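Asker: Note that the numbering used here gives residue 175 to position 178 of the sequence shown, counting from 1, and the numbers run on in steps of one. Note that the Cβ used here is the ideal one computed from N, Cα and C, for glycine as well. Quantities reported herein were computed from a predicted structural model and do not represent experimental measurements. My questions will all concern the structure given below.
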Amino acid sequence: MADDDEPREGRAPDRRVFLKVATCALGGGIGVAAGVPAVSYLLHPVGGRTVTASTEPIDAIAVRELGLDPVRVPLRARAVRDAWSSTLDVPLGAAWIRRDEQGEVKALSSVCPHLGCAVAFNQPAREFRCPCHDSAFAVDGQRQRGPSERDLDPLPLTIEKGRVLITWVRFRAGGSSRDPA
Ligand code: FES
């Protein structure tokens, strides 16, 4: 065997190992490159923002239609979107809206703060009554009697071009503290 053959025989296994490692690395790299978009496609839209109710102000009623007695106005969102879908014209709830003695517009949620039934306005008694457990509230929302631990929940509003715009908020039922649900 010639002298110069020895190193060549010794290098052959090294070359094979190198090629094996290089092939594995290349294959692995291609696999990861192809897998990342596939995994992100499968996970989409996990982690996206989930919207359960509209926070957009809702055009409720003209100010000139309001008097001292409250008017019940159903509130509907033009669209409610979450990470997966979009639903149009969604009923959210209702507001009782009136003008007080000073002419200021006030809006109250129609949801009873006790356990979430809908309150109705009793015109002769000029109070809101809940049919479920007999909570009663004054026309300005103040708690009068019954198990509700807090007044009716006021809703944020703005007036624009003579229209009342209400922002719907669903508050947590029960308790004396007013927290968004
Ligand atoms: S839900 Fe209104 S009094 Fe109970």
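Just the C-alpha distance for A30 and T84, rounded to the nearest angstrom, thanks.
Answerer: Using only the alpha carbons, I get a separation of about 36 angstroms.
Asker: Only counting the same chain, and skipping five residues up and downstream in sequence, which positions put a Cβ closer than 7 angstroms to that of N119?
Answerer: Excluding sequence neighbours, N119 sits near R126.
Asker: Using 8 angstroms as the cut-off, can you tell me whether the stretch 123 to 139 makes contact with the stretch 155 to 162, which would need three or more C-beta pairs spanning the two stretches below that distance?
Answerer: Short answer: they don't touch.
Asker: Which word fits W93, buried or exposed, when buried means at least 16 other C-beta atoms lie within 10 angstroms of its C-beta?
Answerer: Buried: at least 16 other Cβ atoms inside 10 Å.
Asker: Go ahead and pull the three-state DSSP assignment for E62.
Answerer: E62 falls in the helix class under three-state DSSP.
Asker: Whose C-beta lies closer than 6 angstroms to the C-beta of C129 among residues of the same chain, with five residues either side of it excluded?
Answerer: These residues qualify, in order along the chain: C114.
Asker: Give the straight-line distance between the Cα atoms of E157 and I27, rounded to the nearest whole angstrom.
Answerer: Taking the straight line joining both Cα atoms gives about 58 angstroms.
Asker: Look up T164 in the DSSP assignment and say whether it is helix, strand or coil.
Answerer: Looking at T164 - three-state DSSP - the assignment turns out to be coil, as it is neither helix nor strand.
Asker: Leaving aside the five residues before and after P42 along the sequence, list all residues of the same chain whose C-beta is less than 6 angstroms from its C-beta, in chain order.
Answerer: With a pLDDT of only 47 at P42, under 50, the local geometry of the prediction cannot be trusted, and the value read off the model is given with reservation. Counting only Cβ-Cβ distances below 6 angstroms, and skipping sequence neighbours, we find A80.
Asker: Any residue with its C-beta under 5 angstroms from a non-hydrogen atom of the ligand FES counts. Can you list them all in chain order?
Answerer: This selection yields C109, H111, L112, C114, C127, C129, H130, S132.
Asker: Grouping DSSP H, G and I as helix and E and B as strand, with all else coil, what is T52?
Answerer: Coil at T52, not helix or strand.
Asker: With distances taken between CB atoms, is the gap from R140 to D150 smaller than 7 angstroms?
Answerer: Cβ atoms of R140 and D150: not closer than 7 angstroms.
Asker: Which residues bound the beta strand (DSSP E) around R73?
Answerer: Counting along the chain, the beta strand (DSSP E) containing R73 begins and ends at 68 to 78.
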